[in-house]
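Protein chains: 2
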Amino acid sequence: MPTLDLTPDRIVTVARGLISEHGLSDFSMRKLAAALDVNPMTIYLRFDNKDALLDAVARASLAEFKAPPADGTWSEQVRALAIGLRNHLIHDRETLRLLNDADRLSAGLLGTLDRGLELMSAITSTGEDTVAAFRVLFWHVVGSALVSAAFDDFPGSRSDIGDILTGAGTTHTHLAAHAVHFGRVDGDELFLRSTDLLIAGLRADTPKDNP
Amino acid sequence: MPTLDLTPDRIVTVARGLISEHGLSDFSMRKLAAALDVNPMTIYLRFDNKDALLDAVARASLAEFKAPPADGTWSEQVRALAIGLRNHLIHDRETLRLLNDADRLSAGLLGTLDRGLELMSAITSTGEDTVAAFRVLFWHVVGSALVSAAFDDFPGSRSDIGDILTGAGTTHTHLAAHAVHFGRVDGDELFLRSTDLLIAGLRADTPKDNP
DNA sequence: ACCTGAACACCGTTCAAGT
DNA sequence: ACCTGAACACCGTTCAAGT
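In order, the protein sequences belong to chains A and B.
Everything in the first sequence is counted per numbering that gives the first Met the number 0, starting at 0 for the first residue and increasing by one.
Everything in the second sequence is counted per numbering that gives the first Met the number 0, starting at 0 for the first residue and increasing by one.
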């Protein structure tokens, strides 16, 4: 008699719970098995190995993202899609880390890719340009999310950049002069700023109708 | 009698060699000790733990980057600095991965930060704006490097995005229509394109003298 | 003072054996 | 057919013991 409810879906759900609660570095196949109340080896009947399981975990998280409704001007829609995707990626920080190891991205984001291409086709004349414009924005969003996951908003321990800079006085004059303006980075604000610059640049770069 | 030549520097050098040869995931304290022909525990007399050692490894790699000479127009200099830093980060892919776990970045890049601020001060009126402009570019470079390390140029196994897309026909019409234009991403070209858009945007955004 | 061996508490994964 | 126990080859790190 099979362990009836040990579906791949349930394994992935429980794995995501453990990862979001205790972090990716604390996650192990043995702990997952304990949480499922099952022998560690039983999981290997459903997934080839840990990597295949983490692949499914990343895919499940990405698949939950739904592109926001098509409200407002063209620029507002592009902005909303970019912000929405970035927030989704950052929200599930630990899962985002998985993207650093494999090409698990596209498969879970078909709807988003579709919507992004639709928006970009409004300001481009050829299919190639559409894809190129889309890629500029898409990889900007992913890069920004990876940066945020790596450098922003971590609790406590992070040393303030200002401390490092003020110590570098004599040899690095510009740095010393500007040290006072270096506080904690506001990742959201930085992202909005550069996203708007890119959107404006893409429109100016390939002028079609100006939607 | 101390193990005379087991300086922290030598440990870091050998560690970097192992990491660049066999990858970060194959790296262990025990293998490092074997390469140094020393008892694994001896390394703990020089470094508190593996994390502290990897911190030193990342710092050593970053410290090797030298900002390129100040040749050409302002835009060319900004471009050269951005490209140079990105190439350096990507070149040492495995070390770059370490940036995903801690704020090991700034300490090794003081010269680069200084030069970047100098360049940005030419198009901004206040110290705050200088830092803001610098940050847009700097984090764009880091984000782009993280993306490249995660998604580009890996040998072989990576599945072609086109395969995924063409299968999604009926529900995702824009995707299906553009699938033919999705080939392997040229990370360098994508980076240049978005970097130029950002540089142009920053200049237009905060017009001072147009250097 | 400086180094190490043995041990602890873990990993992912294989495979022969059980039901 | 479906599951598991024991085992293998590893980890990072602690700590009492050696020289």
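Glycine is no exception: its CB is placed at the ideal position from the N, C-alpha and C atoms.
Here the structure is a predicted model, which means the values were calculated and not measured.
For residue i, the first and last residue of its enclosing alpha helix (DSSP H)
i	result
ARG134/A	126–150
ALA34/B	28–35
PRO7/A	7–21
LEU44/A	Unbroken run through LEU44/A: none, as it is neither H nor E.
THR172/A	172–177
Residues near residue i in its chain [Cβ-Cβ closer than 6 Å; skip 5 each side]
i	result
ASP70/A	none
ARG202/A	ILE122
ALA132/A	MET119, THR123 and LEU201
ASP195/B	none
LEU112/A	none
VAL13/A	ALA34 and LEU35
HIS87/B	PHE64
THR94/B	ALA57 and SER60
ARG92/B	ALA148
GLY110/B	ALA66
ARG183/A	none
7 Å Cβ shell around residue i - same chain, five flanking residues per side excluded
i	result
VAL140/A	ALA81, LEU84 and ARG85
ARG114/A	ALA66 and LEU80
MET28/A	PRO39, ILE42 and LYS49
ALA62/B	GLY107
LEU98/B	ALA57 and LEU104
LEU17/A	PHE26, LYS30, LEU31 and ALA34
Close beta carbons around residue i, own chain, < 8 Å, minus the five adjacent residues each side
i	result
PHE153/A	Residue placement at PHE153/A cannot be trusted, given a pLDDT of 41 that sits under 50; the coordinates are not used to answer.
LEU5/B	LEU35, VAL37, THR41 and ARG45
ARG96/B	LEU23 and ALA148
TRP73/A	LEU118, ALA121, ILE122 and PRO210
THR129/A	LEU116, MET119, SER120 and THR123
LEU136/A	VAL77, ALA81, GLY115, MET119, THR194, LEU197, ILE198 and LEU201
ALA176/B	none
(message) Quick test of the definition: if touching needs 3 or more C-beta pairs under 8 Å, does the region 78–89 of chain B touch the region 181–196 of chain B?
(response) yes
(message) I'd like the ranges of any alpha helix (DSSP H) spanning at least 4 consecutive residues and lying wholly in the region 49–124 of chain A.
(response) 49–62, 73–90, 92–97 and 109–120
(request) Decide yes or no for the touch test of the region 129–148 of chain A against the region 132–150 of chain B: beta carbon pairs closer than 8 Å, at least 3 of them. (result) yes
(request) Compile a chain-ordered list of the residues in the region 58–80 of chain B whose CB is closer than 8 Å to at least one CB of chain A. (result) none
(message) For the region 49–63 of chain B against the region 7–19 of chain B, do three or more pairs of beta-carbon atoms, one drawn from each stretch, fall closer than 8 Å, so that the two count as touching?
(response) yes
(request) Name, going along the chain, the residues of the region 2–27 of chain B whose beta-carbon falls closer than 7 Å to a beta-carbon of chain A. (result) none
(request) Taking a Cβ distance cut-off of 8 Å, strictly less, list which residues of the region 38–60 of chain B are near chain A, in chain order. (result) none
(request) Check distances from the C-beta atoms of the region 179–191 of chain B to those of chain A and list, in chain order, the residues that come in under 8 Å. (result) VAL179, HIS180, PHE181, VAL184 and LEU189
(message) Against chain B, which members of the region 115–130 of chain A pass a CB distance test of less than 8 Å?
(response) LEU116, GLU117, SER120, GLY126, GLU127, THR129 and VAL130
(message) Beta carbons nearer than 7 Å to chain A: which residues of the region 133–147 of chain B have them?
(response) ARG134, VAL135, TRP138, HIS139, VAL141, GLY142, SER143, LEU145 and VAL146
(request) For the region 193–204 of chain A, enumerate the residues whose C-beta is nearer than 9 Å to any C-beta of chain B, in chain order. (result) SER193, ASP195, LEU196, LEU197, ALA199, GLY200, LEU201, ALA203 and ASP204
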